[in-house]
Each structure stands twice: as structure tokens, then as C-alpha cells.
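Numbering (my numbering), first residue to last: 1 to 117.
Where is the CB? At the ideal position from N, CA and C, for every residue including glycine.
Presented below is the structure to which this report refers.
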Amino acid sequence: MGKLFYILLGWSAVALGLLGVILPVLPTTPFLLVAAFAFGKGSPRARAWLIEHAHFGPAIQDWEERGAISRRAKTLAVSMMTLVFVASLILGATWWVLLAQATLMGAGAVFVLTRPD
1 MGKLFYILLG
11 WSAVALGLLG
21 VILPVLPTTP
31 FLLVAAFAFG
41 KGSPRARAWL
51 IEHAHFGPAI
61 QDWEERGAIS
71 RRAKTLAVSM
81 MTLVFVASLI
91 LGATWWVLLA
101 QATLMGAGAV
111 FVLTRPD
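This is the structure in C-alpha cells:
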């Protein structure tokens, strides 16, 4: 039963990560990191597929080996956070929504930017 839970969690995280490729407000990499963890507990074959994936594998390997995020991924992440905040301003979000966004996305940006390249 435990392996099934981790396999389902892993594939759910992969699905959300793939949605994140298309949707700018949904991050891809964190979901793929969750998938790699879950597959490590439930399906070594699925984990190997994910780690060896030409597009997703290098980011997961960088994170697992050094806690690193590529410069390109950092730029994309912070740019998307900025874009969402600017869109919220333009669309007239209330002050408390803007404050929450600034606080949470600011913390996220600091975390991303302080990781090694």
C-alpha cells in the first residue's frame, strides 16, 4: 500500500510539473523534485526515467547533488513572479492580496536567488 501511495504521488507531481511548463504561475521544478523523491520510495524504474529525462533530469540532479538551481531557471522563476505581481497591480488586486504576494513571492525569490548556480 505504501509503494502505491508514493507511485501515485510521483505521477501526480509529474502531471502538475508538466502543467507548470505551460502555466507561468505553476512551478515545474518543485513538482519534479517531489516526483523524484516519491518515485525513490515507490518505483525505482520511474525515478530512473525521470532522472535520465533529457529535459527534466539535469535540474533534478543539480538539486540533489548540490542544492543548485540553474541561472536560466532562476531568471525564469523571478521573472514569472514579477510578471504575476505586475499583472495583479494592473488588474487592481486589493492591498492585502498585493501584500501577501509581495511577501510570499519575495521569500520565494530570495530562496531561489540564494541557491548555487
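Requested in this report: For Ser79, name the three-state secondary structure that DSSP assigns.
Outcome: The residue you call residue 79 lines up with position 79 of the sequence shown. Residue state, collapsed to three classes: helix.
Query raised in the report: So Ile22 is in the alpha helix (DSSP H); what residue range does that whole segment cover?
Result: The sequence position of residue 22 within the sequence shown is 22, counting from 1. Run containing Ile22: Gly2 to Ile22, per the alpha helix (DSSP H) assignment.
Query raised in the report: If you run the structure through DSSP and keep just helix, strand and coil, what is Leu27?
Result: Here residue 27 is taken as the residue at index 27 of the sequence shown, counted from 1. The displayed chain sequence assigns Pro, not Leu, to residue 27. Note: Pro27 maps to coil in three-state DSSP.
**Report entry** Nearest-angstrom Cα separation, counted from Met81 out to Ala93
**Finding:** The residue you call residue 93 lines up with position 93 of the sequence shown. The residue you call residue 81 lines up with position 81 of the sequence shown. For Ala93 and Met81, the distance between alpha carbons rounds to 15 Å.
Query raised in the report: Helix, strand or coil for Pro116 per DSSP?
Result: The residue you call residue 116 lines up with position 116 of the sequence shown. Looking at Pro116 - three-state DSSP - the assignment turns out to be coil, as it is neither helix nor strand.
Query raised in the report: Between the C-alpha atoms of His55 and Leu19, what's the straight-line distance to the nearest angstrom?
Result: Position 55 of the sequence shown, counted from the start, is the residue given in the question as residue 55. Position 19 of the sequence shown, counted from the start, is the residue given in the question as residue 19. Cα to Cα, the separation comes out at about 15 Å.
Query raised in the report: Exposed or buried, which one is Ile22 when buried takes at least 16 other CB atoms within 10 Å?
Result: By 1-based counting over the sequence shown, the position of residue 22 is 22. Exposed is the call here.
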